[in-house]
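FYI, the numbering for the sequence shown is 120 to 520, going by my numbering. Note that the Cβ used here is the ideal one computed from N, Cα and C, for glycine as well. What follows is one structure encoded as structure tokens, with my remarks underneath.
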Amino acid sequence: MDGTTASSTQLLRQINSEALLRFALQEQVFTAGEAMAATGLTRATVLGVCDGLVDAGWLEEVNDGAEAGRAPKGRPARRYQLREAAGVVVGLDAGESHFTVIVADLRGRELGKRRRSIDSHALGRAGRVRSARELIRLALADVGRDADDVLLTVVGVPAPVDAEGRSPGGGEFWQLMNSGFDQDLQGKVLVENDANLAAIAEQAQQPSANVATLLSGERFGAGLIVDGRLLRGRRGGAGEMRFLDILADNKPDDEGISDGFGALARKWARKRVHSYEGTTSLRRLPEDGINAEDVFQAAREGDPLAGDIIARLGVRLARIAVVLSSLLDIERVVIAGGIARGIDPVLEHARSLLPVDSGLPLPELVASSLGADAVVQGAIESALTGIRHEPMAFLPRALQP
120 MDGTTASSTQ LLRQINSEAL LRFALQEQVF TAGEAMAATG LTRATVLGVC DGLVDAGWLE
180 EVNDGAEAGR APKGRPARRY QLREAAGVVV GLDAGESHFT VIVADLRGRE LGKRRRSIDS
240 HALGRAGRVR SARELIRLAL ADVGRDADDV LLTVVGVPAP VDAEGRSPGG GEFWQLMNSG
300 FDQDLQGKVL VENDANLAAI AEQAQQPSAN VATLLSGERF GAGLIVDGRL LRGRRGGAGE
360 MRFLDILADN KPDDEGISDG FGALARKWAR KRVHSYEGTT SLRRLPEDGI NAEDVFQAAR
420 EGDPLAGDII ARLGVRLARI AVVLSSLLDI ERVVIAGGIA RGIDPVLEHA RSLLPVDSGL
480 PLPELVASSL GADAVVQGAI ESALTGIRHE PMAFLPRALQ P
């Protein structure tokens, strides 16, 4: 066999192995016949590839319950399943004030979870990486795994991220948030913008061809899916929404484009709580202790100051929705992150401001059901997609040195 023939045979074997492994990653126990139907491969090829994947540590042959898989005549059908010990994926939401880690198996089932509050500005870049590494180690240990079990880690950061995992210069904050996780965490690591990951999580839960997912707690960012594809831009800044600064007329000093609804609710309440001429239940709280949840709760109870703040937030959201609809023909705007659980009053006010009689299609405004886990769930979904896309690029635990 010459080199060209050997190379072609090896390539064909790899293509067949990837096709069968993609099938196995989305199935439970399967027979050769089921794999044939899904992949279009012959029985002999399927059996040969399965044997190879068993040897490689990806699959295991299932011997129990053979009668259920028995062929009409002859010996029982051979049955296979993904080997649970082949590996896990890790998702990390590396926010400014918190880290959340989820460990999941290769079908996306959550195995373990850890969360930690942090002070990024005190930790610095190196400290953020050390804290992430330790939290991942603890989450893995909780489920009896270690770093060698991890096939891929996906990290979400509150900064624009380009195709190489880098954030643009020009600001210390972005460089602090994108702390070099892909260089210093063990194994294969992918860094992605947090709002993009939230959009991926929402898309997995409720597919939509044209949707904007807004992370709007402390800071504001958007994950934009148009025609079924995630928009990034040359430097990863498609969802930074900086154009809203240009569109805003006479923007108050206490309203910045990077501020999310949670930050704005807190700032506006603290600024006005004592100067407000009417009565407000927010005065019962220490001024420096008022947070967005307090404002939303007070608004639900009819507090007038909280109601004014909700109205301002509603105007801001309605403006964002109209701009996104006009520019990108977005059909749904999803408010994601921890703020989503209390955002309903803002959504209701924003909906009332949309010009329903304009003749233009306007987006649906909804709150995410994923809550504070939107980013980390998107990280898990992104990791699984990466493995399914090119499974043979990853080495299962059985073959790791």
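Cutoff 7 angstroms; reference residue i; Cβ partners in own chain excluding five residues on either side
i: Ala-314; result: Thr-332, Leu-334, Gly-340, Ala-341, Gly-342, Gly-358
i: Gly-176; result: Arg-202, Ala-205, Pro-515, Arg-516, Ala-517, Leu-518
i: Gly-188; result: For Gly-188, the pLDDT reaches just 48, beneath the cut-off of 50, and the residue's location in the model is therefore unreliable, although a value from the coordinates is still provided. Thr-150, Pro-195, Ala-196, Arg-198, listed in sequence order.
i: Pro-464; result: Phe-415, Ala-418, Arg-419, Ile-429
i: Asn-135; result: Leu-160, Thr-164, Val-168
i: Leu-404; result: Asp-413
i: Arg-354; result: Pro-279, Asp-281, Pro-287
i: Val-310; result: Val-274, Val-276, Val-280, Gly-284, Asn-297, Phe-300, Asp-301
i: Gln-133; result: Met-511
Cβ shell of residue i (< 8 angstroms), same chain only, five flanking positions each side left out
i: Trp-293; result: Ala-278, Pro-279, Ser-286, Pro-287
i: Ser-250; result: Phe-218, Arg-235, Ile-237, Leu-242
i: Ala-266; result: Ile-255, Arg-256, Leu-259, Gln-305, Gly-306
i: Arg-385; result: Ile-409, Asn-410, Ala-411, Val-414
i: Arg-244; result: Gln-294, Leu-295, Ser-298, Gly-299
i: Val-475; result: Leu-481
Residue closest to residue i, alpha-carbon to alpha-carbon, out of the options
i: Val-274; options: Ile-255, Gly-290, Tyr-395, Glu-396; result: Ile-255
i: His-302; options: Asp-265, Val-248, Arg-351; result: The amino acid occupying residue 302 in the given sequence is Gln; His does not appear at that position. When only C-alpha atoms are compared, the closest one is Val-248.
i: Gly-505; options: Val-308, Ala-157, Gly-263; result: Val-308
i: Leu-383; options: Glu-412, His-217, Asp-267; result: Glu-412
i: Arg-351; options: Ser-298, Val-310, Ala-512, Asp-281; result: Asp-281
i: Gly-227; options: Arg-507, Gly-243, Ala-512; result: Arg-507
i: Leu-242; options: Ala-143, Thr-128, Met-296, Ala-266; result: Met-296
i: Leu-479; options: Trp-387, Ala-512, Arg-391, Val-442; result: Val-442
i: Ala-323; options: Ser-488, Gly-290, Asp-261; result: Ser-488
i: Val-392; options: Asp-427, Gly-246, Gln-145; result: Asp-427
i: Arg-338; options: Ala-143, Leu-466, Ser-216; result: Ser-216
i: Asp-492; options: Asp-170, Val-220, Gln-145; result: Val-220
i: Ser-239; options: Glu-229, Glu-291, Asp-261; result: Glu-291
i: Asp-261; options: Asp-174, Arg-233, Arg-402; result: Arg-233
Residue i versus residue j: straight-line alpha-carbon distance, rounded
i: Ser-394; j: Glu-406; result: 12 angstroms
i: Phe-300; j: Phe-380; result: 28 angstroms
i: Met-155; j: Pro-510; result: 19 angstroms
i: Ala-160; j: Leu-225; result: Reading the sequence as shown, one finds Leu at residue 160 and not Ala. Those two C-alpha atoms are separated by around 23 angstroms.
i: Asp-448; j: Arg-252; result: 41 angstroms
i: Ile-499; j: Gly-284; result: 17 angstroms
i: Glu-179; j: Asn-410; result: 52 angstroms
i: Gln-325; j: Asn-312; result: 20 angstroms
i: Arg-162; j: Val-495; result: 40 angstroms
i: Glu-153; j: Met-360; result: 47 angstroms
i: Trp-387; j: Leu-436; result: 16 angstroms
i: Leu-140; j: Phe-513; result: 12 angstroms
i: Asp-378; j: Gly-263; result: 40 angstroms
i: Ala-157; j: Leu-144; result: 13 angstroms
i: Arg-451; j: Gly-336; result: 19 angstroms
i: Ser-444; j: Asp-212; result: 28 angstroms
i: Phe-142; j: Asp-170; result: 15 angstroms
i: Leu-446; j: Arg-402; result: 41 angstroms
i: Glu-146; j: Asp-174; result: 19 angstroms
i: Glu-229; j: Leu-130; result: 34 angstroms
i: Arg-438; j: Gly-246; result: 38 angstroms
CB contact flag (residue i, residue j, <8 angstroms)
i: Ala-318; j: Leu-349; result: yes
i: Leu-259; j: Val-208; result: no
i: Leu-484; j: Ala-440; result: yes
i: Val-269; j: Gly-210; result: no
i: Val-222; j: Gly-214; result: no
i: Leu-473; j: Leu-481; result: yes
i: Ala-151; j: Leu-172; result: no
i: Gly-490; j: Arg-460; result: yes
i: Glu-321; j: Ala-138; result: no
i: Ala-328; j: Gly-356; result: no
Same chain, Cβ closer than 6 angstroms to residue i, five either side skipped, listed in chain order
i: Asp-422; result: Thr-399, Ser-400
i: Ala-502; result: Val-208, Leu-271, Val-273
i: Val-148; result: Val-181, Arg-198, Gln-200
i: Ala-185; result: Reliability fails at Ala-185, whose pLDDT of 47 lies under 50, so the model's placement of it is uncertain and no value is given.
i: Leu-466; result: Leu-484
i: Phe-462; result: Looking at the sequence provided, one finds Ile at residue 462 rather than Phe. Excluding positions up to five away in sequence, the list reads Ile-454, Ala-486.
is_contact[residue i, chain B] using C-beta, thresh 8 angstroms
i: Ala-512; result: Absent from the structure: chain B. Only one protein chain is present.
For residue j and residue i, believed in contact at Cβ under 8 angstroms, the rounded distance
i: Gly-433; j: Ala-486; result: 13 angstroms between Cβ atoms; not a contact.
i: Gly-457; j: Leu-424; result: Wrong, their Cβ atoms sit about 22 angstroms apart, outside the cutoff.
i: Val-345; j: Val-453; result: Going by Cβ atoms, the distance from Val-345 to Val-453 rounds to 14 angstroms, so no, they are not a contact pair.
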